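Peer 1:
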Amino acid sequence: MTKKSTYLLSLSLAALLTGLAGCAKETAGPEDGATAGPEQAAQEGQAPGSPASTPAPGQPGAAPGAEEKPLSPEEMPAVVAKVNGEEIKKEDLLRSVQEAQMQLAQSGRLPEGAPPASFYRDVLNGMIARSLFLQEAKAQGIQADAQEVEKQLTAFKSQFPSPEAFQQAMASQGLSEQVLRTQAQSQLMVEKYVQSRVFDKVSVTDQQAKAFYDQNQTRMKQPEQVRLRHILIRADESAPEADQQKAREKAEGLLAQIKGGADFAKLAQENSDDPGSKTRGGELPPMGRGQTVPPFEAAAFALQKPNDLSPVVQSQFGYHVIQLIERVPESQVPFEEAKDKIVQMLRQQESQKKLQAQVEALKAKGKVETYL
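So this is what it looks like as structure tokens:
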């Protein structure tokens with residue numbers, strides 16, 4: 014089992030409280046293949062006018078501060094907190110910290126070195142919040158039926174290549190299927206509690222979204238973009254010099270044909286090693302600056318008039334021939350186009366506030382002790 018797998022059966026309230034749950038956006042990197050260069054980056058770049066939310070320093074989801082002193086697990090007590098008498102043990106905290114680190118690593122925001130004490134405390138605060146919500150869900154009679162639990166457990170098992178691999182993973186972590194079933198049940202109960210007591214009470218009106226739009230005009234701009242065609246002749250940077258030369262010569266030959274009047278789209282369909290664009294005659298989605306690898310971007314934005322051609326451009330994917338279709342100047346994003354993203358962001362912000370307020374209310378009427 015991958016180390017992240019236990020996270021799939023543990024609702025991370027630490028992440029939820031900082032607005033990360035369900036809001037993270039995975040972006041493919043150049044290592045994902047030919048289309049992960051110019052095409053993939055263009056497809057997956059952030060939409061103009063899209064408001065973003067960034068966790069504050071020190072919160073789970075924000076990178077641990079390099080200036081803080083790391084905390085050794087040996088320094089921790091066996092019980093790191095009590096929530097209305099229920100213990101949160103050190104080993105549970107360490108597992109949750111590991112899961113949080115893996116989330117950061119997957120998003121490319123995990124710094125080197127051991128996490129500082131504040132990071133452990135922030136993750137612990139998320140665990141305390143989850144414990145409070147679970148206790149309150151039980152008190153209010155919120156339940157997860159057996160069918161829901163089994164469905165989640167089945168989805169979890171499907172992450173493994175075989176039943177034997179699943180059992181081996183469980184054994185390696187000292188877990189049993191019943192433990193996972195209990196975790197799934199708890200997760201579902203917390204989700205139902207949070208949904209009904211917090212998220213269902215959050216609403217954002219069109220008037221609120223319009224007010225945000227009007228007050229943030231500088232954020233509501235579509236940056237300058239270019240529309241392009243390209244042909245990729247793949248050649249890995251580590252390939253032998255002879256292979257590199259062969260790929261370059263092929264690209265140079267194609268460029269010469271296009272300059273001589275050959276149809277770019279036809280040559281792209283017949284020769285390009287970018288499967289994502291070759292079927293469209295090499296055409297890429299519109300892209301702005303910062304959405305592709307530097308050599309490709311520099312060549313693309315140097316083109317000025319429709320049908321202008323670049324010299325052969327080398328990137329880590331190989332050799333490109335680029336043709337400009339159109340330069341699209343910076344423009345203001347209309348409210349109707351930006352509205353859904355604004356509403357989503359405002360709902361997220363309001364949900365965070367209500368979640369935190371609910372945690373504080375439950376703390377005030379109960380007893381929470383921390384020893385970290």
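Numbering (our numbering), first residue to last: 14 to 385.
Ideal Cβ positions, reconstructed from N, Cα and C, are used throughout, including at glycine.
Quantities reported herein were computed from a predicted structural model and do not represent experimental measurements.
If I'm right that Ala275 touches Lys291 with Cβ under 8 Å, what's the distance once you round it to whole angstroms?
Peer 2: Stepping through the sequence shown from its first residue, residue 275 is reached at position 262. Stepping through the sequence shown from its first residue, residue 291 is reached at position 278. The pair is not a contact, with the Cβ atoms about 16 Å apart (cut-off 8 Å).
Peer 1: Out of Leu123, Ala130, Ser85, Leu145, state which residue places its alpha-carbon closest to the alpha-carbon of Ala377.
Peer 2: On the sequence shown, position 364 is the one that residue 377 refers to. Ranking the options by Cα distance to Ala377, first place goes to Leu145.
Peer 1: How many whole angstroms separate the CB atoms of Gln114 and Pro129, which I take to be in contact at a CB cut-off of 8 Å?
Peer 2: Indexing the sequence shown from 1 puts residue 114 at position 101. Indexing the sequence shown from 1 puts residue 129 at position 116. Contact doesn't hold; Cβ gap of about 12 Å is too wide.
Peer 1: Between Arg194 and Leu337, what straight-line distance do the alpha-carbon atoms span, to the nearest angstrom?
Peer 2: For the purposes of this step, residue 194 is identified with residue 181 of the sequence shown, where counting begins at 1. For the purposes of this step, residue 337 is identified with residue 324 of the sequence shown, where counting begins at 1. Distance between the alpha carbons of Arg194 and Leu337: 56 Å.
Peer 1: Per the contact definition of three or more C-beta pairs closer than 8 Å, is the segment 140–159 in contact with the segment 212–223?
Peer 2: Segments in contact, no.
Peer 1: At the level of alpha carbons, what is the spacing between Ala131 and Pro324?
Peer 2: In the sequence shown, residue 131 corresponds to position 118, counting from 1. In the sequence shown, residue 324 corresponds to position 311, counting from 1. Before going on, a small fix: residue 131 reads as Ser here, not Ala. If I take the Cα positions, the gap works out to 51 Å.
Peer 1: Note down the Cα distance separating Pro176 from Asp249, rounded to an integer number of angstroms.
Peer 2: Taking the sequence shown and counting its residues from 1, one reaches residue 176 at position 163. Taking the sequence shown and counting its residues from 1, one reaches residue 249 at position 236. Distance between the alpha carbons of Pro176 and Asp249 is about 38 Å.
Peer 1: If you draw a straight line from the alpha carbon of Arg122 to that of Gln116, how long is it in whole angstroms?
Peer 2: Residue 122 sits at position 109 when you count from the first residue of the sequence shown. Residue 116 sits at position 103 when you count from the first residue of the sequence shown. Rounded to the nearest angstrom, the two C-alpha atoms are 9 Å apart.
Peer 1: Under the three-state reduction of DSSP, which class applies to Leu375: helix, strand or coil?
Peer 2: Numbered from its first residue, the sequence shown carries residue 375 at position 362. Leu375: helix per DSSP, three-state reduction.
Peer 1: Could you round the C-beta distance between Ala344 and Gln235 to whole angstroms and report it? I think they count as a contact, below 8 Å.
Peer 2: Position 331 of the sequence shown, counting from 1, holds the residue named residue 344. Position 222 of the sequence shown, counting from 1, holds the residue named residue 235. One detail in the question is off: residue 344 reads as Ser in this sequence, not Ala. Contact holds; Cβ gap of about 5 Å.
Peer 1: How big is the Cα-Cα spacing for Gln196 and Glu262?
Peer 2: For the purposes of this step, residue 196 is identified with residue 183 of the sequence shown, where counting begins at 1. For the purposes of this step, residue 262 is identified with residue 249 of the sequence shown, where counting begins at 1. Whole-angstrom Cα-Cα distance: 59 Å.
Peer 1: What do you reckon, are the CB atoms on Ile246 and Ala260 nearer than 9 Å?
Peer 2: Taking the first residue of the sequence shown as position 1, residue 246 is located at position 233. Taking the first residue of the sequence shown as position 1, residue 260 is located at position 247. Yes; because the gap between Cβ atoms is below 9 Å, this pair is in contact.
Peer 1: Taking the alpha carbon of Arg340 as the reference point, which residue from Arg302, Val92, Gln208, Met183 has its own alpha carbon closest?
Peer 2: Residue numbering aside, residue 340 sits at position 327 when the sequence shown is read from its first letter. Arg340 has its Cα closest to that of Arg302, out of Arg302, Val92, Gln208, Met183.
Peer 1: Expressed to the nearest angstrom, what Euclidean distance is found between the alpha-carbon atoms of Ser171 and Gln148?
Peer 2: The count along the sequence shown starts at 1 and reaches residue 171 at position 158. The count along the sequence shown starts at 1 and reaches residue 148 at position 135. Using only the alpha carbons, I get a separation of about 30 Å.
Peer 1: How about Val334 and Ala264: are their beta carbons less than 9 Å apart?
Peer 2: The residue given as residue 334 occupies position 321 in the sequence shown. The residue given as residue 264 occupies position 251 in the sequence shown. Contact flag set, yes.
Peer 1: Go through the segment 177–232 residue by residue and report every complete run of the alpha helix (DSSP H) that reaches 4 residues or more, in order.
Peer 2: Runs of the alpha helix (DSSP H) inside the segment 177–232: 190–210, 219–228.
Peer 1: So the beta strand (DSSP E) Glu339 belongs to, where does it begin and stop?
Peer 2: In the sequence shown, the residue the question calls residue 339 occupies position 326. First-last of the beta strand (DSSP E) with Glu339: 331–341.
Peer 1: Could you check where the alpha helix (DSSP H) with Ile141 kicks off and where it finishes?
Peer 2: Sequence index remark: in the sequence shown, residue 141 carries index 128 (1-based). Segment 130–152, the alpha helix (DSSP H) holding Ile141.
Peer 1: Kindly indicate the opening and closing residues of the beta strand (DSSP E) around Gln424.
Peer 2: No statement about residue 424 is possible, as the shown extent of the chain runs from 14 to 385 and does not include it.
Peer 1: Judging by CA-CA distance, which residue of Thr305, Ile155, Ser189, Val110 is the nearest neighbour of Gln329?
Peer 2: Position 316 of the sequence shown, counting from 1, holds the residue named residue 329. Nearest of Thr305, Ile155, Ser189, Val110 to Gln329, Cα basis: Thr305.
Peer 1: Per DSSP, what are the beta-bridge partners of Glu296 in this structure?
Peer 2: Taking the sequence shown and counting its residues from 1, one reaches residue 296 at position 283. Note: Glu296 sits in a beta bridge opposite Arg242.
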